[in-house]
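Here's the structure we're looking at; comments come further down.
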Amino acid sequence: MRNALGLMLASVVTAVLITAVWFWTSSPRAELAASPPATVAAKPAERLAGTAAADVETTAAIAAQPSAAATPSAPAQPKTACANPDALGVSRVVEIDTTGGPGFGFEHFKQLDFLTDKEVVLTFDDGPWPGNTPAVLKALADECTKAIFFPIGKHATYHPEILRQVAAAGHTIGAHTWSHANLNAKKITDQQVKDEIEKGYSAVKLALGTAPSPFFRFPELQHGPAAVAYLQQRNVAMFSCDLDSFDFRAKNADQIVNTVMTKVDKLGKGIILMHDFQKHTAEALPTLLRRLKAGGYKVVQMKARTSYQTLPEYDDALLKDMKVPVAGTRPVGSVVQTVSQ
Ligand SMILES: [Zn+2]
1467 MRNALGLMLA SVVTAVLITA VWFWTSSPRA ELAASPPATV AAKPAERLAG
1517 TAAADVETTA AIAAQPSAAA TPSAPAQPKT ACANPDALGV SRVVEIDTTG
1567 GPGFGFEHFK QLDFLTDKEV VLTFDDGPWP GNTPAVLKAL ADECTKAIFF
1617 PIGKHATYHP EILRQVAAAG HTIGAHTWSH ANLNAKKITD QQVKDEIEKG
1667 YSAVKLALGT APSPFFRFPE LQHGPAAVAY LQQRNVAMFS CDLDSFDFRA
1717 KNADQIVNTV MTKVDKLGKG IILMHDFQKH TAEALPTLLR RLKAGGYKVV
1767 QMKARTSYQT LPEYDDALLK DMKVPVAGTR PVGSVVQTVS Q
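Reminder that position 88 of the sequence shown reads as 1554 in my numbering, one-by-one numbering, no gaps.
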């Protein structure tokens, strides 16, 4: 009887010991202590089969509202406070490696599908133009959001101060040829294609004082084989679009808002083509941006990893054309000095 009781006690003690060892080695608590905290994987981009987005990289996420608990580390770009607490904002910034001339916009280039559901890229062509471009800039600033501008070279020489406002507001600036020539026209020569592209970039650079991004949009979305080959060789990213607002033929602002919202709701995401040159677009933009926000859409800003290297002969030719006198290259501080004030 005593032996039996002792055996039972021993069994209980053994069982307790085994349970304790199991608990400390394989219980969730042991796992928690031994491994790093679990992370939630980010939702991957929706892609078509066989596509890759190796040329696109998210570099920073910018909150629409200034955060009270801002991190001390420097952000990817100077961040100005957004006065609008309900702004559309910028949900993420992607940096593009333009090596080899990647193409964007599903209307013509289907390789790179980097936008996730409900993500849009805002793009504006044909500026800079008095009245309309500043109105577009104001609408974007009111929503603390960013876009890509594809200015026409000639327009940049007419209104360089407006293009500098675009740059100062932190938007991405590419190019859209010198004179809006159709680069897929039957009679256009390879030399004319090169001239249109290079002179366009040199004009934008002259207006800005710094080189633009190696981003290019074909006038009328006409991408001829010679132009594509040339831009690839010059490491320029080529832009078509996912959805065309057809704002240039809209009768009023409402029509533009409806066209864009109908198309984006159908596609779910995309690069939107608009024109800051157009009056109705400038009028439509405040409402359109509000509708995008209400629809749950998020704006992605595209930036280039490098700047466009213009060709000196085109820079020089443009200066000559414009009859801008080049009288020395001394910095202003060595020529003009304040001696009394
Ligand atoms: Zn255009």
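Cβ coordinates follow ideal geometry from the N, Cα and C atoms, glycine included. Just so you know, these numbers come straight off a predicted model, no measurement behind them.
Taking residue i as part of the alpha helix (DSSP H), name the residues at either end of that continuous run.
i, result
"E1664", "1656-1674"
"A1760", "1745-1760"
"L1554", "First-last for L1554: undefined, no H or E at that position."
"M1727", "1719-1733"
"E1779", "1778-1787"
"G1799", "1798-1801"
"Y1696", "1691-1699"
So, is the C-beta of residue i closer than 8 Å to a C-beta in chain C?
i, result
"K1652", "Absent from the structure is chain C; it holds one protein chain and no more."
Spatial neighbours of residue i within its chain, please: CB distance less than 8 Å, with the 5 preceding and 5 following residues excluded, ordered by chain position.
i, result
"Q1688", "N1648, L1649, N1650, A1651"
"V1723", "A1750, T1753, L1754, R1757"
Beta-carbon within less than 6 Å of residue i's beta-carbon, same chain only, minus the 5 sequence neighbours each way: which residues are those?
i, result
"A1748", "N1598, A1601, V1602"
"G1761", "none"
"E1664", "L1777, Y1780"
"A1719", "H1746, E1749, A1750"
"V1805", "none"
"D1656", "A1692"
"D1710", "L1739"
Quick one: using the 10 Å Cβ neighbour count with 16 as the cut-off for buried, is residue i buried or exposed?
i, result
"K1789", "exposed"
"Q1807", "exposed"
"E1627", "exposed"
"S1557", "buried"
"S1800", "exposed"
"V1798", "exposed"
"V1802", "exposed"
"Q1744", "buried"
"E1585", "buried"
"G1819", "This structure leaves residue 1819 out entirely; the chain is present only between 1467 and 1807."
"Q1775", "exposed"
"E1662", "buried"
"L1617", "Before going further, note that residue 1617 is Pro rather than Leu in the sequence given. The residue is buried, with at least 16 neighbouring Cβ atoms inside 10 Å."
"K1728", "A quick correction: the sequence has Thr, not Lys, at residue 1728. The residue in question, T1728, is exposed, as its Cβ has fewer than 16 Cβ neighbours within 10 Å."
"K1735", "buried"
"K1769", "buried"
"A1547", "exposed"
"A1695", "exposed"
"A1634", "exposed"
Along the beta strand (DSSP E) that carries residue i, what are the first and last residues, could you check?
i, result
"R1558", "1558-1562"
"K1769", "1764-1770"
"A1736", "Residue 1736 is actually Gly in this sequence, not Ala. Run containing G1736: 1736-1741, per the beta strand (DSSP E) assignment."
"R1683", "1681-1683"
"M1704", "1703-1705"
If you compare alpha carbons, which of the options is closest to residue i?
i, options, result
"R1700", "D1592, S1773, Q1721", "S1773"
"D1731", "K1759, P1752, M1704, V1556", "K1759"
"T1611", "M1727, L1709, E1662, V1587", "V1587"
"R1630", "A1669, C1707, H1741", "A1669"
"F1575", "P1594, S1679, I1737, L1785", "I1737"
"Y1763", "T1565, V1805, F1570, E1609", "E1609"
"A1677", "H1637, P1685, F1684, Y1667", "Y1667"
"F1681", "I1618, R1771, A1703, V1726", "A1703"
"S1679", "I1614, P1596, K1735", "I1614"
"E1573", "R1771, R1683, H1637", "R1683"
"L1739", "A1553, M1727, G1619, S1706", "S1706"
"G1636", "K1620, L1606, W1644, T1643", "L1606"
"H1625", "E1686, A1770, V1559, P1596", "P1596"
"I1639", "P1551, A1549, G1619, A1547", "G1619"
"D1787", "D1708, A1695, W1644", "W1644"
"P1672", "Q1658, A1547, L1784", "Reading off the sequence shown, one finds Leu at residue 1672, where the question assumed Pro. Nearest option by C-alpha distance: L1784."
"D1708", "L1733, A1695, V1694", "L1733"
Kindly list the residues whose CB is nearer than 7 Å to the CB of residue i, restricted to its own chain and excluding five residues on each side of it in sequence; keep chain order.
i, result
"R1756", "none"
"H1741", "F1590, D1591, D1592, D1713, F1714, T1747"
"Q1698", "G1566, G1567"
Runs of beta strand (DSSP E) lying entirely within the stretch 1587-1659, each at least 3 residues, in chain order: Entirely contained in the stretch 1587-1659, the beta strand (DSSP E) runs reaching 3 residues are, in chain order, 1614-1616.
Residue list, Cβ distance to ligand 3 heavy atoms smaller than 6 Å: Inclusion of ligand 3 in the displayed structure is not the case, the ligand content consisting of ligand 1 alone.
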